[in-house]
Amino acid sequence: MNEAHSENSPQGSGPLFLGPDCDGDRAAFRAKSKGMTDKLMSVSEAVSQFVHDGEYLASGGFGGDRIATALLHEIVRQKKQNLGFAAHTATHDYQILCAGNGTGRGQLLAKVDVAYIVGLEARGLSPHARQVSESGDIEFCEWSNYALALRFQAAAMGVPFLPSRSLQGTDTFKHSAAKTIHCPFTDMKLAAIPALSPDVAIIHVHEADRFGNCRIRGTSVTDCEVARASKHVIISCERLIANSEIRKDPTLTVIPFYCVDAVCEVPYGSFPGNMAYEYYSDEEHIKQWLTVEQDEETYLAFLDKYLFGVEVFSEYLELCGGAKRMEYLRQLELNPKETE
Amino acid sequence: MTASSETPECTPMELMICAAASHLENDATVLVGTGAPCAAAMLAQKTNAPRLTLMFEAGGVGPNLPTMPISVGDSRTFYEGLQATTMADIMETCQRGMVDFTFLGGAQIDQYGNLNSTIIGSDYRHPKVRLPGSGGANDLASFCWKILVLTPHDPRRFVEKVDYITTPGYLSGPGSRESAGLPPGTGPYKVITDLAVLGYDEATKRMQVESLHPGIDLKQVQERTSFELLVKDPLATTPAPRAEILEVLRNEVDPHRYIIGRG
Numbered sequence: 015m016n017e018a019h020s021e022n023s024p025q026g027s028g029p030l031f032l033g034p035d036c037d038g039d040r041a042a043f044r045a046k047s048k049g050m051t052d053k054l055m056s057v058s059e060a061v062s063q064f065v066h067d068g069e070y071l072a073s074g075g076f077g078g079d080r081i082a083t084a085l086l087h088e089i090v091r092q093k094k095q096n097l098g099f100a101a102h103t104a105t106h107d108y109q110i111l112c113a114g115n116g117t118g119r120g121q122l123l124a125k126v127d128v129a130y131i132v133g134l135e136a137r138g139l140s141p142h143a144r145q146v147s148e149s150g151d152i153e154f155c156e157w158s159n160y161a162l163a164l165r166f167q168a169a170a171m172g173v174p175f176l177p178s179r180s181l182q183g184t185d186t187f188k189h190s191a192a193k194t195i196h197c198p199f200t201d202m203k204l205a206a207i208p209a210l211s212p213d214v215a216i217i218h219v220h221e222a223d224r225f226g227n228c229r230i231r232g233t234s235v236t237d238c239e240v241a242r243a244s245k246h247v248i249i250s251c252e253r254l255i256a257n258s259e260i261r262k263d264p265t266l267t268v269i270p271f272y273c274v275d276a277v278c279e280v281p282y283g284s285f286p287g288n289m290a291y292e293y294y295s296d297e298e299h300i301k302q303w304l305t306v307e308q309d310e311e312t313y314l315a316f317l318d319k320y321l322f323g324v325e326v327f328s329e330y331l332e333l334c335g336g337a338k339r340m341e342y343l344r345q346l347e348l349n350p351k352e353t354e
Numbered sequence: 251m252t253a254s255s256e257t258p259e260c261t262p263m264e265l266m267i268c269a270a271a272s273h274l275e276n277d278a279t280v281l282v283g284t285g286a287p288c289a290a291a292m293l294a295q296k297t298n299a300p301r302l303t304l305m306f307e308a309g310g311v312g313p314n315l316p317t318m319p320i321s322v323g324d325s326r327t328f329y330e331g332l333q334a335t336t337m338a339d340i341m342e343t344c345q346r347g348m349v350d351f352t353f354l355g356g357a358q359i360d361q362y363g364n365l366n367s368t369i370i371g372s373d374y375r376h377p378k379v380r381l382p383g384s385g386g387a388n389d390l391a392s393f394c395w396k397i398l399v400l401t402p403h404d405p406r407r408f409v410e411k412v413d414y415i416t417t418p419g420y421l422s423g424p425g426s427r428e429s430a431g432l433p434p435g436t437g438p439y440k441v442i443t444d445l446a447v448l449g450y451d452e453a454t455k456r457m458q459v460e461s462l463h464p465g466i467d468l469k470q471v472q473e474r475t476s477f478e479l480l481v482k483d484p485l486a487t488t489p490a491p492r493a494e495i496l497e498v499l500r501n502e503v504d505p506h507r508y509i510i511g512r513g
C-alpha cells in the first residue's frame with residue numbers, strides 16, 4: 015500500500031467479533047460429517063445440542079418474516095448466555111432474544127453485529143429491546159443489511175472478504191470493522207467487508223426432508239448464504255417431506271443436507287411472523303408484545319406465561335388463539351383482499 | 251375558504267404523497283419502504299408512471315400489492331409479483347446502477363441530506379436513544395440514483411449537524427460523495443415535507459426550498475428548520491393535487507386510510 019493510499023485509507027473502529035478465518039473454517043467444514051443421516055429431532059434437543067454459551071448465532075428470515083420463532087424461544091428458554099448475534103433487519107427476532115437480557119436470567123446477548131435492531135419497522139420501537147440496547151451491556155459493531163449479507167456471502171464462498179461501494183463516508187463505516195481498499199484494476203475506493211462464519215444458524219423453511227434438504231418459497235433474503243457460511247445449522251420447517259419428494263424436483267432445493275445438522279418439524283413455526291404462502295403476521299400479538307414491554311412487571315408476567323411457562327411451541331400457539339387464530343392468519347395470507 | 255372542484259381540500263399527508271408520486275417517472279425502478287413511500291409509488295403507478303416497477307429490499311419485485319405491506323420483507327411485497335429474490339440481488343441491482351429512485355427517512359437530516367437513524371445523543375456508547383441503525387438505508391443511499399425523503403418538517407429533525415451519519419447524503423458538500431468512494435451522479439434528490447418541496451442546490455449541494463405548499467410562507471419553513479435554507483429563484487407553489495388523483499389515492503391506493511388517515 016503506498017502512502018497516498020494509507021492516508022486516505024481509513025478503517026472502522028468497531029470490534030470484529032468474528033474475523034475471517036478461511037482455513038480454520040475449511041478445517042471445521044472438513045470435520046463436519048457429510049453423511050446423509052436422519053437429523054430429525056425436537057426443538058429442545060436441537061438447541062441443547064447445537065447452541066452453546068459464548069457462541070455466535072445467526073438467524074434467518076427478515077425480522078418478522080419467516081423467522082425461526084420456535085428456535086428463538088427455545089434459545090431464550092434454555093437461558094443461553096453471552097451469545098454473539100448477527101442482526102440484519104432483526105426486529106421481532108431481536109425482541110425475542112432481548113428477553114434473555116435484563117429479565118433476571120443473566121445475559122443472553124453480549125455482542126451484536128448490527129444492521130437493524132430495536133425497531134419493528136412501521137410498528138415502532140420495542141421498549142425492552144431499547145432498554146437492553148442502551149444499557150451498555152451489549153457490545154455493538156455497526157454494518158448495513160448489504161454489508162452483513164456480504165459477510166455471509168464471503169464466508170459461503172470461502173474467501174476472507176468482499177468489496178462494497180456502500181458504507182463509505184459515513185459514521186456507519188466508522189463504527190464498523192470494515193476497511194478501505196483500492197481496486198487493483200481501477201484504483202476505485204471500496205469498503206472491504208470481512209467474512210463472517212457463525213457457529214450456529216437457525217433458519218425456518220417451508221419444507222425439508224429429515225436429512226436437511228430444504229425448500230423456501232418467496233424471498234430467501236440471505237438464508238442460502240447464512241446456511242452455507244455457518245458451522246452448524248438448525249432447520250425448522252412447516253412440513254417434513256419425503257426424500258423422494260425432494261428428488262422429484264431438485265431445482266427447488268435451496269439448502270442442501272450437508273450444510274444442515276438438525277431438522278425440527280414445527281408447523282406455524284414462524285408465528286407471529288409472516289410465512290409466505292402459509293400465514294400472515296399476527297399484528298395483534300406483536301402489538302401485545304410491544305405494549306406489555308412498557309411496564310416491567312407486566313412484561314415479566316407475559317414472558318412467564320408465553321415463553322418460560324410453556325414447554326413446546328404448540329403450547330404457545332394455543333395461548334395465542336390456537337387453530338382458529340392460525341386459520342384466520344392463513345386466510346389473511348392467501349386471500350388478503352377478501353380477509354382484510 | 252371554499253375549495254373549487256379542481257383543487258379539493260386535502261390533508262398534508264395526501265399532498266406529500268401526491269407530490270412524491272409526481273417526481274417518479276415512467277419506465278423507471280423505485281426501491282420503496284412501507285407507509286407513505288409505498289403509497290406514493292402505488293399512486294404513481296396508477297397515474298403518471300404506469301410502467302414504474304416497485305422493488306423491496308428483502309427481495310420482492312413488481313408485486314400487485316393487494317394491501318399495504320407491514321414489513322419490507324413480508325409476502326405482500328411479492329404478491330402476484332414478478333420475482334421473489336434475495337436481499338443481495340436487490341442491493342446489487344442498485345449497486346450496478348439499475349435502480350432510479352429510493353425513499354429513505356431518519357430521525358435527523360442535515361443541509362446536505364445526510365440521515366441519522368442510529369443514535370440520538372453525542373456518545374455512541376451511551377446514547378440518549380438507540381435507534382434501529384442503517385438497515386438497508388446506507389446501501390440504498392449509496393447506490394440508487396435519486397434519493398427522496400418524505401418527512402414531517404420539524405426543527406428537531408432538520409438539524410445543523412446530525413448526531414451520527416447513518417446514511418450518506420452529500421456528506422460535507424460538493425465532491426465529497428465521490429471522494430469517499432460512492433458512485434458518481436448519485437445522491438439526495440428531493441425532500442418532501444408537510445410544508446414544502448425541497449431540493450439541492452447544484453453548486454453547493456445544500457438543501458433549498460423549491461416550492462411552498464399552498465398557504466405556507468417561507469418564514470414558516472425556515473422557522474421549522476434548524477439550519478439556513480437556500481431558496482430557489484423563482485420559488486414555486488406546490489401544485490395542489492387534482493381531484494382525480496386524490497380520488498385514486500383515497501379509493502384505490504389507501505382505501506382503509508392507513509397512511510392518509512394519519513395526516
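Taken in order, these protein sequences are the chains called A and B. Following this note's numbering, the numbering of the first sequence begins with 15 at its first residue and continues without gaps. Following this note's numbering, the numbering of the second sequence begins with 251 at its first residue and continues without gaps. We put the CB at the ideal spot given by N, CA and C, even for glycine.
Worksheet item: By how many angstroms is the C-alpha of Gly435 of chain B removed from the C-alpha of Asn288 of chain A?
Response: As a position in the first sequence, residue 288 of chain A is number 274, starting the count at 1. As a position in the second sequence, residue 435 of chain B is number 185, starting the count at 1. Distance between the alpha carbons of Asn288 of chain A and Gly435 of chain B is about 38 angstroms.
Discussion item. At the 9 angstroms Cβ level, is Lys125 of chain A part of the contact set with chain B, yes or no?
Written reply: Position 111 of the first sequence, counting from 1, holds the residue named residue 125 of chain A. Not an interface residue.
Item to complete: Provide the residue span of the beta strand (DSSP E) that contains Glu460 of chain B, from first to last.
Response: Position 210 of the second sequence, counted from the start, is the residue given in the question as residue 460 of chain B. Looking at the DSSP string, the run of the beta strand (DSSP E) that includes Glu460 of chain B is 457-462.
Discussion item. Under 8 angstroms: do the stretch 215-223 of chain A and the stretch 395-406 of chain B share three or more Cβ pairs, one atom per stretch?
Written reply: no
Worksheet item: What is the DSSP secondary structure of Asn16 of chain A, counted as helix, strand or coil?
Response: The residue you call residue 16 of chain A lines up with position 2 of the first sequence. At Asn16 of chain A, the pLDDT of 40 sits below 50, so the modelled position is not reliable and the matter cannot be decided from this model.
Discussion item. Am I right that Asp185 of chain A and Thr416 of chain B are in contact with their C-beta atoms under 8 angstroms? What's the rounded C-beta distance?
Written reply: Here the question's residue 185 of chain A lines up with position 171 in the first sequence. Here the question's residue 416 of chain B lines up with position 166 in the second sequence. Sure, about 7 angstroms apart at Cβ, within 8 angstroms.
Practice prompt. Give every residue of the same chain whose Cβ lies closer than 8 angstroms to the Cβ of Val132 of chain A, excluding the five residues on either side of it in the sequence, and list them in chain order.
Written response: Numbered from its first residue, the first sequence carries residue 132 of chain A at position 118. Hits under 8 angstroms: Tyr108, Leu139, Ser140, Ala143, Arg144, Ser147.
Discussion item. 9 angstroms is my cut-off, CB to CB: does Gln345 of chain A come that close to chain B?
Written reply: Indexing the first sequence from 1 puts residue 345 of chain A at position 331. False, the Cβ-Cβ gap to chain B never drops below 9 angstroms.
Worksheet item: Between Val498 of chain B and Leu293 of chain B, is the Cβ-Cβ spacing less than 9 angstroms?
Response: One-based indexing of the second sequence puts residue 498 of chain B at position 248. One-based indexing of the second sequence puts residue 293 of chain B at position 43. Yes, they are a contact pair.
Worksheet item: Which residues of chain B have a Cβ atom closer than 9 angstroms to the Cβ of Gln95 of chain A, listed in chain order?
Response: Here residue 95 of chain A refers to the residue found at position 81 when the first sequence is read from its first residue. By Cβ distance, chain B contributes nothing, its closest Cβ being about 22 angstroms from Gln95 of chain A, past 9 angstroms.
Worksheet entry | Per-residue burial, Gly386 of chain B [other beta carbons within 10 Å of its own, 16 or more giving buried] | On the second sequence, position 136 is the one that residue 386 of chain B refers to. Burial call: buried.
Discussion item. My assumption, with CB atoms under 8 angstroms, is that Ile110 of chain A sits in contact with Val90 of chain A. Please give the rounded CB distance.
Written reply: On the first sequence, residue 110 of chain A is found 96 positions in, with the first residue counted as 1. On the first sequence, residue 90 of chain A is found 76 positions in, with the first residue counted as 1. Right, their Cβ atoms sit about 6 angstroms apart.
Worksheet item: Checking contacts by CB at 9 angstroms: is Ala253 of chain B closer than that to chain A?
Response: Counting from one through the second sequence, the residue named residue 253 of chain B turns up at place 3. Model confidence at Ala253 of chain B stands at a pLDDT of 42, short of 50, so the residue's coordinates are unreliable; what they give is reported in the following sentence. No - not a single Cβ of chain A is within 9 angstroms of the one on Ala253 of chain B.
Practice prompt. Pick helix, strand or coil for Phe322 of chain A, following the three-state DSSP scheme.
Written response: Position 308 of the first sequence holds residue 322 of chain A. In this structure, Phe322 of chain A counts as helix in the three-state DSSP scheme.
Practice prompt. Kindly indicate the opening and closing residues of the alpha helix (DSSP H) around Glu473 of chain B.
Written response: If you number the second sequence from 1, residue 473 of chain B lands on position 223. 468-473 is the extent of the alpha helix (DSSP H) around Glu473 of chain B.
Worksheet item: Is DSSP giving Val235 of chain A helix, strand or coil here?
Response: For the purposes of this step, residue 235 of chain A is taken as the residue at position 221 of the first sequence. Of the three classes helix, strand and coil, the one that applies to Val235 of chain A here is strand, per DSSP.
Worksheet item: Assuming Arg242 of chain A and Ala209 of chain A make a contact with CB atoms under 8 angstroms, what is their CB distance in whole Å?
Response: Looking up residue 242 of chain A in the first sequence gives position 228. Looking up residue 209 of chain A in the first sequence gives position 195. Not a contact, Cβ separation roughly 11 angstroms.
Practice prompt. Have a look at the DSSP bridge pairing and note the partners of Leu304 of chain B.
Written response: Working through the second sequence from its first residue, we reach residue 304 of chain B at position 54. B:Val280.
Practice prompt. State whether the stretch 302-313 of chain A contacts the stretch 338-350 of chain B, with contact taken as three or more CB pairs (one from each stretch) at a distance under 8 angstroms.
Written response: no
Worksheet item: For the 8 angstroms Cβ check, are there 3 or more pairs between the stretch 249-264 of chain A and the stretch 175-195 of chain A?
Response: no
Practice prompt. Can you give me, in chain order, the residues of the stretch 371-392 of chain B that have a beta carbon less than 9 angstroms from any beta carbon in chain A?
Written response: Tyr374, Arg375, His376, Pro377, Lys378, Val379, Arg380, Leu381, Pro382, Gly383, Ser384, Gly385, Gly386, Ala387, Asn388, Asp389, Leu390, Ala391, Ser392
Worksheet entry | Nearest-angstrom beta carbon gap, Leu445 of chain B and His463 of chain B [assumed within contact, 8 angstroms] | What you label residue 463 of chain B is simply residue 213 of the second sequence in a count that begins at 1. What you label residue 445 of chain B is simply residue 195 of the second sequence in a count that begins at 1. Their Cβ separation, rounded to whole angstroms, is 6 angstroms, which keeps His463 of chain B and Leu445 of chain B in contact under 8 angstroms.
Worksheet item: Leu30 of chain A to Glu156 of chain A, Cα distance in whole Å?
Response: Start at 1 with the first residue of the first sequence, and residue 30 of chain A comes out as number 16. Start at 1 with the first residue of the first sequence, and residue 156 of chain A comes out as number 142. Cα to Cα, Leu30 of chain A sits roughly 10 angstroms from Glu156 of chain A.
Practice prompt. Closer than 9 angstroms by beta-carbon distance: list the chain B residues that pair up with Met202 of chain A, in chain order.
Written response: Numbered from 1 along the first sequence, position 188 holds the residue referred to as residue 202 of chain A. Residues of chain B passing the Cβ test: Gly431.
Worksheet item: How many angstroms separate the CA atom of Ser20 of chain A from the CA atom of Cys197 of chain A?
Response: As a first step, residue 20 of chain A must be located in the first sequence, where it is residue number 6. As a first step, residue 197 of chain A must be located in the first sequence, where it is residue number 183. Low per-residue confidence applies at Ser20 of chain A: pLDDT is 43, beneath 50, and the placement is therefore not dependable, though the value from the model is reported in the following sentence. The alpha-carbon atoms of Ser20 of chain A and Cys197 of chain A are separated by roughly 14 angstroms.
Worksheet item: Got a sec: is the Cβ-Cβ distance from Val61 of chain A to anything in chain B below 9 angstroms?
Response: Here residue 61 of chain A refers to the residue found at position 47 when the first sequence is read from its first residue. No, because no Cβ of chain B sits closer than 9 angstroms to the Cβ of Val61 of chain A.
Fill in: Member of A:Phe199, A:Ala290, A:Val326 whose CA lies at the smallest distance from the CA of Phe328 of chain B
By 1-based counting over the second sequence, the position of residue 328 of chain B is 78. Residue A:Ala290 is the option with its Cα nearest to Phe328 of chain B.
Item to complete: Work out the CA separation of Gly511 of chain B and Lys301 of chain A for me, nearest whole Å.
Response: What you label residue 301 of chain A is simply residue 287 of the first sequence in a count that begins at 1. What you label residue 511 of chain B is simply residue 261 of the second sequence in a count that begins at 1. Whole-angstrom Cα-Cα distance: 20 angstroms.
Item to complete: Please list the residues of the stretch 179-197 of chain A that have a C-beta atom closer than 8 angstroms to any C-beta atom in chain B, keeping them in chain order.
Response: Arg179, Ser180, Leu181, Gln182, Gly183, Thr184, Asp185, Thr186, His189, Thr194
Fill in: Glu17 of chain A, buried or exposed, once every other Cβ within 10 Å from all chains shown has been counted against 16
Looking up residue 17 of chain A in the first sequence gives position 3. Unreliable positioning characterises Glu17 of chain A in this predicted model, as indicated by a pLDDT of 39, which lies under 50. The coordinate reading is nonetheless provided below. When all chains shown are included, Glu17 of chain A counts as exposed.
Worksheet item: Is Pro484 of chain B helix, strand or coil by DSSP?
Response: Position 234 of the second sequence holds residue 484 of chain B. If DSSP states are grouped into helix, strand and coil, Pro484 of chain B belongs with the strands.
Worksheet item: How would you call Glu460 of chain B, buried or exposed, if buried means at least 16 neighbouring beta carbons within 10 angstroms?
Response: Here residue 460 of chain B is taken as the residue at index 210 of the second sequence, counted from 1. Its Cβ being crowded by 16 or more others within 10 Å, Glu460 of chain B is buried.
Discussion item. One question on the structure: do Pro174 of chain A and Leu204 of chain A come within less than 9 angstroms of each other, judged by their Cβ atoms?
Written reply: As a first step, residue 174 of chain A is located in the first sequence; it is residue number 160 there, counting from the start. As a first step, residue 204 of chain A is located in the first sequence; it is residue number 190 there, counting from the start. For Pro174 of chain A and Leu204 of chain A, no; Cβs fall outside 9 angstroms.
Worksheet item: Which ranges would you report for the alpha helix (DSSP H) in the stretch 68-108 of chain A if only whole runs of at least 4 residues count?
Response: 83-91
Worksheet entry | Span separating the alpha-carbon of His506 of chain B from that of Met318 of chain B | Along the second sequence, one-based indexing puts residue 506 of chain B at 256. Along the second sequence, one-based indexing puts residue 318 of chain B at 68. His506 of chain B and Met318 of chain B: Cα-Cα distance of roughly 10 angstroms.
Worksheet item: In terms of alpha-carbon separation, which member of B:Gln470, B:Ile442, B:Phe477 lies closest to Pro489 of chain B?
Response: Reading the second sequence from its first residue, position 239 is the one you call residue 489 of chain B. Nearest of B:Gln470, B:Ile442, B:Phe477 to Pro489 of chain B, Cα basis: B:Ile442.
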